[in-house]
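Q: Questions regarding the structure given below will be posed in turn.
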Amino acid sequence: MNPVFPLLALRAFAEVGRHGSIKRAAAALGVTSGAVSQQVRLLEERAGLPLFVRGSRSMTLTEAGASVHPSLLLAFDQIEGAMRTLEAARARKALTISTIASFAATWLVPRLGRFTRLHPDIEIRVEAAASLADLRRDRVDIAIRHGLGSYPGLLSEPLMAPVLLPVASPALLASGPPIRGPADCLDYPLLQDGGRADWGLWLSAHGVAEDPRAGRGTAFEDDYLLIRAAEAGQGLALVPEMYAREEIAAGRLALALDRPWPTRFAYYVVMLPDTGRRPEVAAFVEWLNEEARQPA
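First residue of the sequence shown? That's 59 in the numbering used here, and the numbers climb one at a time after it.
Rendered as structure tokens:
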């Protein structure tokens, strides 16, 4: 048997079987009816048996034709799908970025315009959620995660390590007791991070003895919500410096005490092992690192 597959004849057979008509198959393929008829005859000669029962206006699959038509139809549909994927990849480059809402709203999104000006051919989609994305299942190209950098099976590199500042609304500080040292913060309601750990660690780092009040107060899983609560005068909050400076400059928050504290948790750029080889991913990661090196 000739080892060369008659792909044109197989394609014609698949379309005639799909449409039940040489004329409609020819229209779908963008060729003449005569060309389709010739390819079907060539395939029948190659197979050595008829594949269609020919009617006056229709073509019906024989038992032999019906036995192979579904597989061939599926194969050509898959080839078409693969080609559409390649064409889409050539036509546009797109990246999906996943991170937490506070980081997206306060740091990433205000800077994205600079990236799009540098790379107008790369489309960016930002997904902001408190839950961690599954990079493979959710088709996320890059995740910016806040943690200790241990992400099994993934590549991660540090982006920035936040410094926490104690802040509150100017009205709350003006009406409350004076804050001359870290221990004085305990005289105010404390707004907590999701793990209720930051205040205890901050106070301990500044020489304040363990106090049960350090773990009390309303807790927030997202820094954005923590900042909004502080602006509303609900208490003191430990907020990353990169978020706090803008709020302080706008007058929505005030520095309660100039005692910055570098948290152990940092922001990491995380991706699947092979993702970084794509030029658009490498360009975005390089840009992220350049932005992180800029002064606050």
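Ideal Cβ positions, reconstructed from N, Cα and C, are used throughout, including at glycine.
First and last residue of the alpha helix (DSSP H) that includes Glu348?
A: Pro337 to Arg351 is the extent of the alpha helix (DSSP H) around Glu348.
Q: Ignoring anything shorter than 3 residues or poking outside the stretch 100-134, list the beta strand (DSSP E) runs there in chain order.
A: If we require 3 residues or more, the beta strand (DSSP E) runs fully inside the stretch 100-134 come out as 110-112 and 117-119.
Q: Taking DSSP as the reference, what is the three-state secondary structure of Leu330?
A: It is coil, neither helix nor strand.
Q: Does the count of Cβ pairs from the stretch 298-318 and the stretch 220-228 closer than 8 angstroms reach three?
A: Judged by Cβ distances under 8 angstroms, the stretch 298-318 makes contact with the stretch 220-228, as three or more pairs qualify.
Q: Pair every Cβ in the stretch 246-254 with every Cβ in the stretch 130-144, then say whether three or more of these pairs are closer than 8 angstroms.
A: Judged by Cβ distances under 8 angstroms, the stretch 246-254 makes no contact with the stretch 130-144, as fewer than three pairs qualify.
Q: Can you list the alpha helix (DSSP H) stretches of 4 or more residues lying completely in the stretch 191-240, in chain order?
A: Taking only runs of at least 4 residues, the alpha helix (DSSP H) segments lying wholly in the stretch 191-240 are 228-233.
Q: Tell me where the alpha helix (DSSP H) around Glu268 begins and ends.
A: Where Glu268 is concerned, there is no enclosing alpha helix (DSSP H), given that its DSSP letter is neither H nor E.
Q: What's the C-alpha gap between Ala72 and Leu87?
A: Distance between the alpha carbons of Ala72 and Leu87 is about 11 angstroms.
Q: Could you spell out where the beta strand (DSSP E) holding Ala298 opens and where it closes?
A: The sequence given here places Pro at residue 298; Ala does not occur at that position. Counting along the chain, the beta strand (DSSP E) containing Pro298 begins and ends at Leu294 to Pro298.
Q: Starting from the Cα of Leu259, find the closest Cα among Ala241, Asp245 and Pro247 and give me that residue.
A: Looking at the Cα atoms, Ala241 is the closest of the given residues.
Q: Compute the beta-carbon to beta-carbon distance between Pro318 and Val221, rounded to the nearest angstrom, for a pair I have assumed lies under 8 angstroms.
A: Their Cβ separation, rounded to whole angstroms, is 5 angstroms, which keeps Pro318 and Val221 in contact under 8 angstroms.
Q: I'd like to know whether the C-beta atoms of Val339 and Leu153 end up nearer to each other than 8 angstroms.
A: In this structure, Leu153 lies closer than 8 angstroms to Val339 by Cβ.
Q: Excluding the five sequence neighbours on either side, which residues of its own chain have a C-beta within less than 7 angstroms of the C-beta of Val111, listed in chain order?
A: So the list reads Thr118 and Thr120, once near-sequence residues are dropped.
Q: Assign Ser95 to one of three DSSP states: helix, strand, or coil.
A: Helix at Ser95.
Q: For Gly78, collect the residues of the same chain with a Cβ closer than 8 angstroms to its Cβ; drop the 5 residues on either side in sequence, then sort them by chain order.
A: Cβ within range, chain order: Ser116, Met117 and Thr118.
Q: What number of angstroms, rounded off, separates the C-alpha of Glu103 from the C-alpha of Arg142?
A: Looking at the two C-alpha atoms, the distance is approximately 33 angstroms.
Q: Compute the beta-carbon to beta-carbon distance between Gly205 and His127, rounded to the nearest angstrom, for a pair I have assumed lies under 8 angstroms.
A: Contact flag wrong, Cβ pair sits at about 53 angstroms.
Q: Exposed or buried, what is Ile182 when buried is set at 16 or more other beta-carbons lying within 10 Å of its beta-carbon?
A: Buried, because 16 or more other Cβ atoms sit within 10 Å of the Cβ of Ile182.
Q: Who are the near neighbours of Pro320 in its chain, counting only those whose CB is closer than 7 angstroms to its CB and skipping five residues on each side?
A: Counting only Cβ-Cβ distances below 7 angstroms, and skipping sequence neighbours, we find Ala219 and Val221.
Q: Just the Cα atoms here: how many angstroms apart are Gly113 and Asp332?
A: Answer to the nearest angstrom: the Cα atoms are 54 angstroms apart.
Q: If we call anything under 8 angstroms between Cβ atoms a contact, is Arg286 one with Leu244?
A: No, the pair does not count as a contact, with Cβ atoms beyond the cut-off.
Q: Have a look at Ala124 and Arg195 and give me their C-alpha separation to the nearest angstrom.
A: The alpha-carbon atoms of Ala124 and Arg195 are separated by roughly 37 angstroms.
Q: Considering only residues of the same chain and omitting the five flanking positions on each side of Ser160, which have a CB-CB separation below 6 angstroms?
A: Only Asp280, Asp281 and Tyr282 meet the Cβ criterion.
Q: Considering only C-alpha positions, which residue in the set Arg82, Val198 and Ala105 is nearest to Ala67?
A: The option with the nearest alpha carbon to Ala67 is Ala105.
Q: What's the call for Arg423, buried or exposed, on a 16-neighbour Cβ count within 10 Å?
A: Residue 423 falls outside the range modelled here, since the chain spans only 59 to 354, and no answer is possible.
Q: Hey, Val184 and Val167: beta-carbon distance below 8 angstroms or not?
A: Cβ atoms of Val184 and Val167: closer than 8 angstroms.
Q: Quickly, what does DSSP pair Ser156 with across the bridge? List them, please.
A: Note: Ser156 sits in a beta bridge opposite Glu185 and Ala201.
Q: Leaving out five residues before and five after Lys81 in sequence, what residues of the same chain have Cβ atoms less than 6 angstroms from its Cβ?
A: Here the set comprises Ser91.
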